[in-house]
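Single-structure report; data block below.
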Amino acid sequence: MNNFNFYSPTYFVFGKGREHESGKLVKQFKGSKVLIHYGSGSVVKSGLLDRVKTSLKDAGVYFTELGGVVPNPRSGLVYQGIEVCKKEHIDFILAVGGGSAIDSAKAIAVGALYDGDFWDFYTGKRIERALPVATILTLTAAGSEGSTGSVITHEKGMLKRSTNSDLIRPVFSILNPELTCTLPAYQTAAGAADMIAHVMERYFTNTKEVEITDRVGEAVIKTIIKETPKALKNPNDYEARANLMWAGMLAHNDICGVGREQDWATHMMEHELSGLYDVTHGAGLAVMFPAWMKYVMHHDVARFAQFAVRVWDCEMDFQHPENTALQGIERYEQFMRSIGMPVRFAELGAKAEDIPVLLKTMGLGNRTLGNFVKLTEDDIRKIYELAV
Ligand code: NZQ
Ligand code: ZN
186 MNNFNFYSPT
196 YFVFGKGREH
206 ESGKLVKQFK
216 GSKVLIHYGS
226 GSVVKSGLLD
236 RVKTSLKDAG
246 VYFTELGGVV
256 PNPRSGLVYQ
266 GIEVCKKEHI
276 DFILAVGGGS
286 AIDSAKAIAV
296 GALYDGDFWD
306 FYTGKRIERA
316 LPVATILTLT
326 AAGSEGSTGS
336 VITHEKGMLK
346 RSTNSDLIRP
356 VFSILNPELT
366 CTLPAYQTAA
376 GAADMIAHVM
386 ERYFTNTKEV
396 EITDRVGEAV
406 IKTIIKETPK
416 ALKNPNDYEA
426 RANLMWAGML
436 AHNDICGVGR
446 EQDWATHMME
456 HELSGLYDVT
466 HGAGLAVMFP
476 AWMKYVMHHD
486 VARFAQFAVR
496 VWDCEMDFQH
506 PENTALQGIE
516 RYEQFMRSIG
526 MPVRFAELGA
536 KAEDIPVLLK
546 TMGLGNRTLG
556 NFVKLTEDDI
566 RKIYELAV
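Residues in the sequence shown are numbered from 186 upward in steps of one, following this note's numbering.
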């Protein structure tokens, strides 16, 4: 096991009706002038936004609001949000929604305390200051409610890029599983694909014998495999929604990654797909993961066989472990299909002839991507081709 620091200070407030505590919590975390940031209307329609505003009013907290975040959130609204924060001396940002609203809020939080272009932080500059961000989650997927990450698409060139810092990890997150009951089936399923991917990016590692981290990750994935079909069958199944909501947080607050090297190549390849085609991130991952697994599995067949046996309940073929490994990949694909996810380019609306464009926007040059196998641009081209 490698040395590690694990610092995950988000205060989670979990359960039915907990959004009524937003005002009290904002005060507890020293917010006095709040920007409420949300998406394209789901939180207005569900009445959640009104409940949050009432709670802030009751607590005597000043707020202003900015809606309109779209999936694969764009830089344009971030610039607007930064302007609002600077003009109104905002000291706290409350994101209400899914990963996109949260990531946009994180970008605003960073830009609000910076004189330059917030995009600098998505192209390599280290974050040194940010306003506190809190979240009220409505979609179990990205894990941004407990993560250090934010992913934004710049309208200039539609470049989808990420940044990471403990300074943008939410100070508190309200997780009420009831809020996810209104999700369209596709978003529930894409959320499952994303959560599973967050564990897989950490599972396929060259660091040996981090059994505890393996086992935590396997439990998280197995829970998602069990609970997602239940939530799809009965969208109001509170227990399924609750298990999924906590699994999504555990999948990405790094508890599934400590003590070892992580990969993340598949996420980077997917970000190019969602940048170009504006597809749902989880759906893009469901397409890219089988291709990546097939391409790299010979690097460590035993690890893929372990994944197949422990996560997908495959039987171990001791004579031919590569058969077990392949069976695990097949089971992954079958599961994704069974919940309505695409597993090939065409099902996603992606085209083989765009592969050179994807590679060009990625701009890898002579560098490599990922850690499990360090992929060159040529490897990535072959992986995209496998996904066709
Ligand atoms: O915009 P509204 O109207 O709210 O509708 C959203 C949106 O259309 C809708 N929705 C959300 N909650 C709902 C709901 N509809 C009905 N009922 C509800 N309760 O769902 C749609 C998708 O929302 P979005 O926030 O885009 O989804 P998600 O949470 O999957 O976030 C995706 C973004 O997160 C990034 C992805 O790349 C993508 O841009 N990621 C962020 C990460 C992080 N910050 O750590 C890590 C991830 O790997 C990921 O890259
Ligand atoms: Zn993801």
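The C-beta atom is built at its ideal place from N, Cα and C for all residues, glycine as well. As the structure is a computational prediction, the values presented were derived from the model and not from experiment.
Query raised in the report: Relative to the C-alpha of His222, which residue among Lys209, Val237, Val228 and Leu279 is closest?
Result: Leu279
Query raised in the report: What three-state label does DSSP hand Ser289 in the structure shown?
Result: helix
Query raised in the report: Are Val336 and His456 close, meaning C-beta to C-beta below 9 Å?
Result: yes
Query raised in the report: What is the rounded straight-line gap between the Cα of Ile440 and the Cα of Ser358?
Result: 17 Å
Requested in this report: Would you mind reading off the limits of the alpha helix (DSSP H) that contains His452?
Outcome: Ala450 to Tyr462
Query raised in the report: Which stretch, first to last residue, makes up the beta strand (DSSP E) that contains His339?
Result: Gly334 to His339
Query - Length of the line joining the Cα atoms of Lys479 and Gly550 - result: Going by the C-alpha atoms only, they are around 24 Å apart.
Report task. Note the first and the last residue of the continuous alpha helix (DSSP H) segment covering Ile397. Result -> Glu396 to Lys418
Requested in this report: Flag this pair as touching only if the segment 270-288 and the segment 322-339 have three or more C-beta atom pairs under 8 Å; answer yes or no.
Outcome: yes
Requested in this report: Scan the segment 342-399 and note each continuous beta strand (DSSP E) run of 3 residues or more that stays entirely inside, going in chain order.
Outcome: 344-349 and 357-360
**Report entry** Minimum length 4: unbroken alpha helix (DSSP H) runs contained in the segment 208-253
**Finding:** 227-230 and 233-243
Query raised in the report: Given that a residue counts as buried once 16 or more other Cβ atoms are within 10 Å of its Cβ, and exposed if not, what is Thr274?
Result: The amino acid occupying residue 274 in the given sequence is His; Thr does not appear at that position. Classified as exposed, His274 has fewer than 16 neighbouring CB atoms from the shown chains inside 10 Å of its CB.
Report task. Give the range of the beta strand (DSSP E) segment to which Thr465 is assigned. Result -> First-last for Thr465: undefined, no H or E at that position.
Report task. Quick one: grab the DSSP three-state call for Val494. Result -> helix
Query raised in the report: Cβ of Thr553 versus every heavy atom of the ligand NZQ: is any distance shorter than 8 Å?
Result: no
Query raised in the report: Alpha carbon to alpha carbon, how far is Asp243 from Ala292?
Result: In a straight line, the C-alpha of Asp243 is about 28 Å away from that of Ala292.
Query raised in the report: What residue from Glu532, Thr465, Thr561 and Arg529 has the CA that sits closest to Leu544's CA?
Result: Thr561
**Report entry** Option in Gly261, Arg311, Cys366 and Met186 with minimal Cα separation from Val228
**Finding:** The shortest C-alpha separation from Val228 is found at Cys366.
Query raised in the report: If you follow the beta strand (DSSP E) that Thr320 is part of, which residue opens it and which one closes it?
Result: Val318 to Leu322
**Report entry** Nearest-angstrom beta carbon gap, Gly525 and Ala370 [assumed within contact, 8 Å]
**Finding:** 6 Å
**Report entry** Residues that Leu511 bridges to, as DSSP identifies them
**Finding:** Leu511 is not bridged to any residue.
Query - Buried or exposed (CB count within 10 angstroms, at least 16 for buried), Lys345 - result: buried
Query raised in the report: Just to confirm, does Gly402 get its C-beta within under 8 Å of one of the non-hydrogen atoms of the ligand ZN?
Result: no
Query raised in the report: Cα-Cα, which of Val573, Ala468, Asn556 and Thr553 is closest to Gln372?
Result: Checking every option, the nearest Cα to that of Gln372 belongs to Ala468.
Query raised in the report: Would you say Glu446 and Thr392 are within 9 Å of each other, going by their C-beta atoms?
Result: yes
Query - Proximity below 9 Å, CB of Phe492 to CB of Tyr388 - result: yes
Query raised in the report: For the putative contact between Val356 and Tyr196, defined by C-beta atoms under 8 Å, what is the C-beta separation to the nearest angstrom?
Result: 7 Å
Query raised in the report: Nearest-angstrom Cα distance between Asn556 and Ile410?
Result: 26 Å
Query raised in the report: Cβ atoms of Ala327 and Asp288: under 9 Å apart, would you say?
Result: yes
Query raised in the report: Can you give the Cα-Cα distance for Thr348 and Gly309, rounded to whole angstroms?
Result: 8 Å
Report task. Out of Glu250, Lys209, Asn257 and Met473, state which residue places its alpha-carbon closest to the alpha-carbon of Val269. Result -> Taking Val269 as reference, the option from Glu250, Lys209, Asn257 and Met473 with the minimal CA-CA separation is Glu250.
Query raised in the report: Can we count Asn419 as close to the ligand NZQ, meaning its CB is less than 8 Å from some heavy atom?
Result: Remark: the C-beta of Asn419 is outside contact range of the ligand NZQ, defined as less than 8 Å to any heavy atom.
Query raised in the report: Which value, in whole angstroms, describes the spacing of the CA atoms of Thr408 and Lys271?
Result: 43 Å
Query raised in the report: Based on the DSSP secondary-structure assignment, which residues constitute the bridge partners of Tyr196?
Result: The partner list for Tyr196 (beta bridge, DSSP) reads Phe357.
Query - Cβ-Cβ separation, Thr546 to Leu461 (assumed contact under 8 Å), whole Å - result: Indeed they touch by this definition, with Cβ atoms about 7 Å apart.
Query raised in the report: Within the present structure, is the beta-carbon of Ser285 separated from the nearest heavy atom of the ligand NZQ by less than 8 Å?
Result: Yes, the ligand NZQ has a heavy atom inside 8 Å of this Cβ.
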